[in-house]
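Q: A single structure is presented below for examination.
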DNA sequence: GGGCCCCTCCCCAGTTCTTGGTATGTCGTG
DNA sequence: CACGACATACCAAGAACTGGGGAGGGGCCC
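Chains as they are written, first to last, in my numbering: chain H, 3 to 253; chain S, 3 to 253.
The following block contains the structure:
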């Protein structure tokens, strides 16, 4: 049963501590699930680490060369579709996610000629952090093992998490960088309120709001509000939801 | 096996065609998995428009009331953590995802008193589209059924996809894209530069920079820089990569 | 050509922010 | 208890931003 496979592979994934080991686990996993190839990409942005990202795969050499040489990433319909689906998707359903141009179909056709038959791609995006995809592929002429898609979904997501951990891009949050009150003032600032408006909302003096924001800026060593908001957003101290839709909703 | 449950529930989810039916399926699913409550939220579309989105749950009435009354959404650590994890996460691991302030812990404590014990939240974000979360909760004193987390992950994601389908929320592509120059000025602003500094960098008059930012603000219908930067970031017009990693690494 | 958008530059009045201080009181910890 | 961290409040000067105008030139499309 695919669940057992998923469980086993999951534990292998969390034990992987190098890119090489991770690749080996994914290669083995893709075969056990009934696929022929895999590809994992991770593009994380961090102000503290200058990380080029992660790309590991066992695609046919020919396809990898073409993909890089012609810079196909920029026009890859699969990548575009990644912005449209909450779940993994098989490539045959691409046209239900995005409009497919002739060039898109041609690109898939070129893939076919290189041994890239059909695929199942697991997309993930973390706002302000970066994104990752994990794709499992069958060779040209092969059939996608649909019954294992759920397992592939889990494995793909866990693989990204592992890659993030391995690449050192996981920033363990030390202590809260800001006090509660500072964060509250910052939040209303991010929502577009001025210091005076925030003061009225919080029921305190405008000067106090300014003071909180002042100290918050010093914490992050920035000298303007844009940057303060961005750093707090990046650090996870505030989130897009907090900013854009603060009228009640449950978690 | 829990993935069998997932398979069954998955087919129920894709057959649901009303919010009510979806809620019923999720309620049944959460019980079968060993949870006591569920909550599904979906917020699609632009943050500019006041789209109510989807929110269905069977939380205790008391908690829902408090959550709205005290405007807890703005300081909910679970919501913040959603921007940090590729996979679902249990609330006990929150402090490994985000910095937890005193207020955060207090909020969880209040939840405990309302019958919200521990939870597992599945986050998804589609850049420029919106986001969804699906949370499964055990009552206060209950233990999280960790063996079914994988199934919960699948069900949560599928539930969001169903909610998206049901709500008929297919974002209008009316994007307020900025002009190249506007975006460029915005980018340097996000990097913490003043209008004068940006002007020097771009080799144009400070007045022009101000003008670009002015028109950009009008596009997004905001009246301050923080908000402008945030909206552009959310829309994917600029990314954290652009902001934090602009030194070196030319491309 | 005319309309529309973009890029550029300018002026001005008013508001807001930033930075530098000082000061009080509470709270929790060592 | 002393100390640091936090929240609150205030003052002042200068820099920066916001919102309201106008204005010329270039490119694109019908």
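By construction, the Cβ of each residue, glycine as well, lies at the ideal position given by its N, Cα and C atoms.
The structure displayed is predicted, hence computed values, not measured ones.
1) According to DSSP, is residue 19 (chain H) helix, strand or coil?
2) Determine, for residue 226 (chain S), whether the minimum Cβ-Cβ distance to residues of chain H falls below 7 Å.
3) Could you please give the first and the last residue of the uninterrupted beta strand (DSSP E) stretch that includes residue 151 (chain S)?
4) Residue 231 (chain H) versus chain S: which residues are under 8 Å apart at the beta carbon?
5) Note down, in chain order, all residues in the segment 104-130 of chain H with a beta-carbon under 7 Å from any beta-carbon belonging to chain S.
6) If we define contact as Cβ-Cβ less than 7 Å, is residue 85 (chain H) a contact residue for chain S?
7) Have a look at the DSSP bridge pairing and note the partners of residue 135 (chain H).
8) Let's test the definition: count the other Cβ atoms within 10 Å of the Cβ of residue 86 (chain S) and tell me whether it reaches 16, buried, or not, exposed.
9) When you compare the CB positions of residue 45 (chain S) and residue 55 (chain S), do they come within less than 7 Å of one another, or not?
10) So, for residue 34 (chain H): in the same chain, excluding its five sequence neighbours on each side, which residues have a beta-carbon less than 8 Å away from its beta-carbon?
11) Name the residues in the segment 88-100 of chain H whose C-beta lies less than 9 Å from a C-beta of chain S; which are they?
12) Under 7 Å Cβ-Cβ, which residues of chain S neighbour residue 191 (chain H)?
13) Does DSSP put residue 242 (chain H) in a helix, in a strand, or in coil?
14) At least one CB of chain S closer than 7 Å to the CB of residue 138 (chain H): is that the case?
15) In whole angstroms, give me the CA-to-CA distance for residue 242 (chain H) and residue 240 (chain S).
16) Between the C-alpha atoms of residue 213 (chain S) and residue 179 (chain S), what's the straight-line distance to the nearest angstrom?
17) So, with DSSP's three-state summary, where would you put residue 59 (chain H)?
18) Thinking residue 38 (chain H) and residue 140 (chain H) are a contact (beta carbons under 8 Å), I'd like their distance in whole angstroms, please.
19) With 7 Å as the threshold, decide whether the Cβ of residue 243 (chain H) is near any Cβ in chain S.
20) Any heavy atom of the ligand NAP closer than 6 Å to the CB of residue 145 (chain S)?
21) Quick check on the burial criterion: 16 or more other C-beta atoms within 10 angstroms. Buried or exposed for residue 107 (chain S)?
22) What are the partner residues of residue 140 (chain S), as DSSP defines its beta bridges?
23) Determine whether the Cβ of residue 236 (chain S) lies closer than 7 Å to any Cβ atom of chain H.
24) Please tell me whether residue 152 (chain H) has its Cβ less than 7 Å away from any Cβ of chain S.
25) What's the C-alpha gap between residue 137 (chain H) and residue 232 (chain S)?
26) Could you work out which residues of chain S lie near residue 162 (chain H), taking near to mean beta carbons separated by less than 7 Å?
27) Quick one: using the 10 Å Cβ neighbour count with 16 as the cut-off for buried, is residue 115 (chain H) buried or exposed?
28) Between the segment 152-171 of chain S and the segment 18-32 of chain S, do at least 3 Cβ pairs fall closer than 8 Å?
29) Measuring straight from C-alpha to C-alpha, what distance separates residue 158 (chain S) and residue 135 (chain S)?
30) Can you give me the Cβ contacts of residue 126 (chain S) inside the same chain, cut-off strictly under 7 Å, excluding the 5 residues immediately before and after it?
31) When you compare only the Cα positions, how much space is there between residue 121 (chain S) and residue 93 (chain S)?
32) Can you list the residues of chain S that residue 155 (chain H) reaches, using a CB-CB cut of under 7 Å?
33) Within 7 Å of any Cβ in chain S, is that where the Cβ of residue 194 (chain H) sits?
34) Taking the DSSP output, what are the residues bridged to residue 9 (chain H)?
35) Taking 7 Å as the cut-off, decide whether the C-beta atoms of residue 184 (chain H) and residue 227 (chain S) are in contact.
A: Let's see:
1) Position 17 of the first chain, counted from the first residue, corresponds to residue 19 (chain H). DSSP places residue 19 (chain H) outside both helix and strand once states are collapsed to three, so it counts as coil.
2) The sequence position of residue 226 (chain S) within the second chain is 224, counting from 1. Cβ-Cβ to chain H under 7 Å: yes for residue 226 (chain S).
3) Here the question's residue 151 (chain S) lines up with position 149 in the second chain. Premise fails: residue 151 (chain S) lies in the alpha helix (DSSP H), 151-168, not in any beta strand (DSSP E).
4) Working through the first chain from its first residue, we reach residue 231 (chain H) at position 229. Correct list: 228, 231, 232.
5) Within the segment 104-130 of chain H, the residues whose Cβ lies closer than 7 Å to some Cβ of chain S are 126, 127, 128, 129, 130, listed in chain order.
6) Along the first chain, read from residue 1 onward, the residue named residue 85 (chain H) stands at position 83. By this cut-off, residue 85 (chain H) is an interface position.
7) To locate residue 135 (chain H), count along the first chain from 1; it is residue 133. Residue 135 (chain H) is bridged to H:43, H:125.
8) Taking the second chain and counting its residues from 1, one reaches residue 86 (chain S) at position 84. Residue 86 (chain S) is buried by the Cβ-count criterion.
9) Looking up residue 45 (chain S) in the second chain gives position 43. Looking up residue 55 (chain S) in the second chain gives position 53. Yes, these two residues count as a Cβ contact at 7 Å.
10) As a working note, residue 34 (chain H) is residue 32 in the first chain. The answer, listed in chain order, is 7, 11.
11) Closer than 9 Å at the C-beta level to chain S, one finds these residues of the segment 88-100 of chain H: 88, 89, 90.
12) Along the first chain, one-based indexing puts residue 191 (chain H) at 189. By Cβ distance, chain S contributes 228.
13) Here residue 242 (chain H) corresponds to residue number 240 of the first chain, with the count starting at 1. Residue 242 (chain H): helix per DSSP, three-state reduction.
14) As a position in the first chain, residue 138 (chain H) is number 136, starting the count at 1. Residue 138 (chain H) does not count as touching chain S.
15) As a working mapping, residue 242 (chain H) is identified with position 240 in the first chain. As a working mapping, residue 240 (chain S) is identified with position 238 in the second chain. Computed Cα separation, rounded: 15 Å.
16) Stepping through the second chain from its first residue, residue 213 (chain S) is reached at position 211. Stepping through the second chain from its first residue, residue 179 (chain S) is reached at position 177. Approximately 16 Å between the Cα atoms of the pair.
17) Numbered from 1 along the first chain, position 57 holds the residue referred to as residue 59 (chain H). Correct three-state label for residue 59 (chain H): strand.
18) Taking the first chain and counting its residues from 1, one reaches residue 38 (chain H) at position 36. Taking the first chain and counting its residues from 1, one reaches residue 140 (chain H) at position 138. With 8 Å as the limit, residue 38 (chain H) and residue 140 (chain H) qualify as a contact, their Cβ atoms being about 5 Å apart.
19) For the purposes of this step, residue 243 (chain H) is taken as residue 241 along the first chain, with counting starting at 1. Yes, residue 243 (chain H) lies at the interface with chain S (some Cβ there is under 7 Å from its Cβ).
20) Summarising the ligand content, the structure contains no ligands, and the ligand NAP is consequently not present.
21) For the purposes of this step, residue 107 (chain S) is taken as the residue at position 105 of the second chain. Exposed, by the Cβ-count rule.
22) Taking the second chain and counting its residues from 1, the one referred to as residue 140 (chain S) is at position 138. DSSP, once it has assigned bridges, lists S:120 as partnering residue 140 (chain S).
23) Within the second chain, residue 236 (chain S) is the residue found at index 234, counting from 1. Residue 236 (chain S) counts as touching chain H.
24) What you label residue 152 (chain H) is simply residue 150 of the first chain in a count that begins at 1. Closer than 7 Å to some Cβ of chain S, the Cβ of residue 152 (chain H) qualifies, so yes.
25) As a position in the first chain, residue 137 (chain H) is number 135, starting the count at 1. As a position in the second chain, residue 232 (chain S) is number 230, starting the count at 1. Going by the C-alpha atoms only, they are around 31 Å apart.
26) Here residue 162 (chain H) is taken as the residue at index 160 of the first chain, counted from 1. Near residue 162 (chain H) (Cβ distances below 7 Å), the residues of chain S are 88.
27) Mapped onto the first chain, residue 115 (chain H) falls at position 113. Looking at its Cβ environment, which holds fewer than 16 other Cβ atoms inside 10 Å, residue 115 (chain H) is exposed.
28) yes
29) Here the question's residue 158 (chain S) lines up with position 156 in the second chain. Here the question's residue 135 (chain S) lines up with position 133 in the second chain. Rounded to the nearest angstrom, the two C-alpha atoms are 8 Å apart.
30) In the second chain, residue 126 (chain S) corresponds to position 124, counting from 1. The answer, listed in chain order, is 133, 134, 159, 162.
31) For this step, residue 121 (chain S) is matched to residue 119 along the second chain. For this step, residue 93 (chain S) is matched to residue 91 along the second chain. Taking the straight line joining both Cα atoms gives about 6 Å.
32) Counting from 1 along the first chain, the entry for residue 155 (chain H) is found at position 153. Within chain S, the residues near residue 155 (chain H) are 156.
33) In the first chain, the residue the question calls residue 194 (chain H) occupies position 192. For residue 194 (chain H), the answer is yes, since a Cβ of chain S falls inside 7 Å of its Cβ.
34) The residue given as residue 9 (chain H) occupies position 7 in the first chain. DSSP, once it has assigned bridges, lists no residue as partnering residue 9 (chain H).
35) In the first chain, residue 184 (chain H) corresponds to position 182, counting from 1. In the second chain, residue 227 (chain S) corresponds to position 225, counting from 1. No, the pair does not count as a contact, with Cβ atoms beyond the cut-off.
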